[in-house]
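This is how it looks when you write it as C-alpha cells:
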C-alpha cells in the first residue's frame, strides 16, 4: 500500500471493534435512535424476511447475453458508435476516424444521469460518461501495446475523441426509449479537444500553467470519466478517475516526482500513455505540469449546448469516483466523493454560500468557494471530517504546501498528513432520499496482508468489499462528526472463509454480492448495487431494502454479458425505468476486437461487442422492483 501518515489506521482495523452506544447518544441526539452497530458476534440467521422487493430473482452465472427478471424487458438505448445527430456518419469500427467519433456515442459508458425535460418521465436528457478505451478491443489488428509500431497519432486521437461525456435527448415511445437525433441538446464533451475552463483555488496556479496555456485557466478535454453526480440546479458533475496512466516520460527525474508517485504516475509506456509519443501534452518531459490539470470534478450544463464545461478544483484532485450532492438544512451544498484506489480516502465538500433556487447560473460558484474535508473513522463508531485548509495544522510551507492550490493539487498527501483513514477502495457514495443516510461502496482491498490483521480487522485480502452506512447527526450533512456502521460485507455466506455479513439475513445462493461499485436509490429508499469483479459469476445489479425486515437482504436483479461490468444505475423520477451502462462487454483475458467473449448487443459476426446504456422496464409499465 502507498506510504502514508503513521497515525492513519486502516478501516479494516476499525470495523469489528465494539461500539460504545452511550458515545453515540452523546453526539447524535435523537438521530442515535437509528444507530445500528456493525457485525460483532454471530447470532442465529433470521428467516427469509418480508422484503419489499417483488421481482423474481435471477440466477448467477456467465454467458453472452444480458438477463433481467421474468416480466421485465431490457433494451439498448445508445451503443458505442451510434450517431448523435441526423447528419453524423454511421459507425465504422474498422476506421480510426477522429471527426466521426466526436459525433458518435463514446466507448465504455459509465455514469448515467437522467434529467427530465418535462413534468413526467417520458422525455429527458441522458448524460453518460465514457471512461476509457482498450487498444486491443478498440482497434482491429492490435493485440497489445507491444504492437505499438502499428499505432499512430490518428489512433491516439481517436481514443481520446471516444472518451469524455455524451449528452443526448431520449424519449419513451411504446415502451421503448429511443434517441432523438434532431435534438439541439445532443453533444459530445471529449478527451481530445473540448475546451474546458479551470475554476476555483487551483485556477491560475503556477502548478497548473503549461506552455500551451500559460494562464493555467484553460485545458483541453476530460477523460477517465468514471462516476459522477447531478447538482440541485440541473448540471452534471463528471469525475476524472484513472488519469495517472495517461502520461509518458521520466517520472523519476520530474520536477514533482513525489507528487507524481503519490498518484501512481510512473511515466512508463502503456496502453494509455503511448499517446505521449504523438501528443506533446501527455509527455511529462515536454509538458511537465499537464498532469496536474487532470483528476478533477468537471461541471457540465446539459441544458445549454453552447456552455463551456468547468473543472471545479475546490473539490480536490484525486481519482474521483463520484460526486453526490446534498442540500444541507441551512441551504449550503454538500458533495461526497471517494478516491477510487485501494487504501485511499473518503472526502466531503461543504460550500460557503447557499443554494439559490432562483439563480441557476450563480449556483455554480458554490463549487469554487468552500471547504474540502477528509474522513477519519474512529473505533467508537464516530467519523470525524478533517478539513484540508492551507495554513491549518500540518498543511503549510513546512510540509511543502505554499497555497490552497497546492493542498488541492496534492489532496492525497494532505489527507495523509491530517490522519485520514485508508479505505478499501472507496467508489460510489450516495445518499438515501428516504432516511437521509449516506452509503459508501468499498469495492475491495486485495493488498491488505495477514500481518496487518488483528482482532479488530475483519478480513485480510478483502476480495469482496463492503458497504458502509454513515448517519449525520439530526440529518445535518455539514456536521463535523457522523456515526458510521457496517451495512453489509460482501461475499458468499455459504463460505465461512468469506466472512460475509448481511445483517444476519438469509441470502439466497444467487443474492450474495461481491465488489460493490456504483449504487442508486429508488424513491422508496431501496439500495440498488452494481458490481465490478463479482467472484465466480458475471457482474450484475443487486437490490435490497435499507430498513425493516429486508434490510441488507440482497437479491440479483440484472446480470451482465460475459466480460462486462455494470455502471451508472439510475431511475426515471417515476421509477418505471431503470437505466444502467454495460461497460466493456466481451473483454478480458485473451479477448480481442476480432474475438470478444460476446458480440452483445448486436451479435453480428465480425463486428465488435459494444458498450451500451440499457433501459429496463416492467412489461406492464409498473414500478421497478415492486
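In the numbering used here, the protein residues as written are 1 to 626. Each residue gets a CB set at the ideal place from its N, CA and C atoms; glycine is no exception. None of the values given here were measured: they were computed from a predicted structure.
Are residue i and residue j close, meaning C-beta to C-beta below 8 Å?
| i | j | result |
| --- | --- | --- |
| residue 540 | residue 514 | no |
| residue 204 | residue 170 | no |
| residue 78 | residue 440 | no |
| residue 325 | residue 232 | yes |
| residue 59 | residue 510 | yes |
| residue 151 | residue 274 | yes |
| residue 96 | residue 593 | no |
| residue 370 | residue 349 | yes |
| residue 442 | residue 425 | yes |
| residue 559 | residue 67 | yes |
| residue 569 | residue 528 | yes |
| residue 76 | residue 573 | no |
| residue 353 | residue 346 | no |
| residue 554 | residue 330 | no |
| residue 245 | residue 276 | no |
| residue 229 | residue 164 | no |
| residue 467 | residue 487 | yes |
May I have the straight-line CA-CA distance separating residue i from residue j, to the nearest angstrom?
| i | j | result |
| --- | --- | --- |
| residue 496 | residue 433 | 34 Å |
| residue 105 | residue 473 | 43 Å |
| residue 393 | residue 255 | 26 Å |
| residue 622 | residue 127 | 24 Å |
| residue 334 | residue 436 | 13 Å |
| residue 546 | residue 302 | 32 Å |
| residue 520 | residue 112 | 11 Å |
| residue 38 | residue 268 | With a pLDDT of only 42 at residue 38, under the threshold of 50, the placement of this residue in the model should not be trusted, and no figure is reported. |
| residue 599 | residue 396 | 54 Å |
| residue 530 | residue 260 | 31 Å |
| residue 179 | residue 64 | 25 Å |
| residue 607 | residue 107 | 15 Å |
| residue 372 | residue 476 | 16 Å |
| residue 415 | residue 118 | 43 Å |
| residue 81 | residue 201 | 37 Å |
| residue 524 | residue 577 | 14 Å |
| residue 445 | residue 156 | 32 Å |
| residue 283 | residue 248 | 5 Å |
| residue 615 | residue 418 | 43 Å |
| residue 266 | residue 122 | 47 Å |
| residue 389 | residue 175 | 51 Å |
| residue 399 | residue 262 | 15 Å |
| residue 617 | residue 498 | 34 Å |
| residue 50 | residue 162 | 45 Å |
| residue 280 | residue 286 | 6 Å |
| residue 351 | residue 90 | 44 Å |
When you compare each of the options to residue i by their alpha carbons, which one comes out closest?
| i | options | result |
| --- | --- | --- |
| residue 589 | 192, 75 and 134 | 134 |
| residue 470 | 502, 382 and 512 | 382 |
| residue 54 | 199, 72 and 130 | 72 |
| residue 582 | 328, 562 and 553 | 562 |
| residue 238 | 387, 56 and 428 | 428 |
| residue 190 | 544, 484 and 298 | 298 |
| residue 327 | 431, 399, 265 and 245 | 431 |
| residue 110 | 517, 343, 283 and 342 | 517 |
| residue 358 | 234, 492, 494 and 264 | 234 |
| residue 216 | 586, 196 and 283 | 196 |
| residue 565 | 51, 57 and 62 | 62 |
| residue 120 | 172, 90 and 626 | 172 |
| residue 146 | 610, 466, 296 and 272 | 272 |
| residue 491 | 142, 304 and 533 | 533 |
Can you find a C-beta in chain B that's less than 8 Å from the C-beta of residue i?
| i | result |
| --- | --- |
| residue 235 | Note that chain B does not occur in the displayed structure, where there is just one protein chain. |
Which whole-angstrom value is the C-beta distance of residue i and residue j, which I expect to be below 8 Å?
| i | j | result |
| --- | --- | --- |
| residue 557 | residue 542 | 7 Å |
| residue 362 | residue 356 | 7 Å |
| residue 199 | residue 289 | Contact doesn't hold; Cβ gap of about 17 Å is too wide. |
| residue 224 | residue 242 | 5 Å |
| residue 316 | residue 411 | 4 Å |
| residue 507 | residue 571 | With a Cβ gap of about 24 Å, residue 507 and residue 571 do not count as contacting. |
| residue 84 | residue 182 | Contact flag wrong, Cβ pair sits at about 10 Å. |
| residue 551 | residue 503 | 5 Å |
| residue 464 | residue 137 | Not a contact, Cβ separation roughly 27 Å. |
Does the beta-carbon of residue i have 16 or more other beta-carbons within 10 angstroms, so that it is buried, or is it exposed?
| i | result |
| --- | --- |
| residue 94 | exposed |
| residue 211 | exposed |
| residue 294 | buried |
| residue 619 | exposed |
| residue 102 | buried |
| residue 413 | buried |
| residue 404 | buried |
| residue 258 | exposed |
Nearer than 7 Å: is that true of the beta carbon of residue i relative to any heavy atom of the ligand GTP?
| i | result |
| --- | --- |
| residue 237 | By its list of ligands, the structure shown contains no ligand whatsoever, and the ligand GTP lies outside what it can speak to. |
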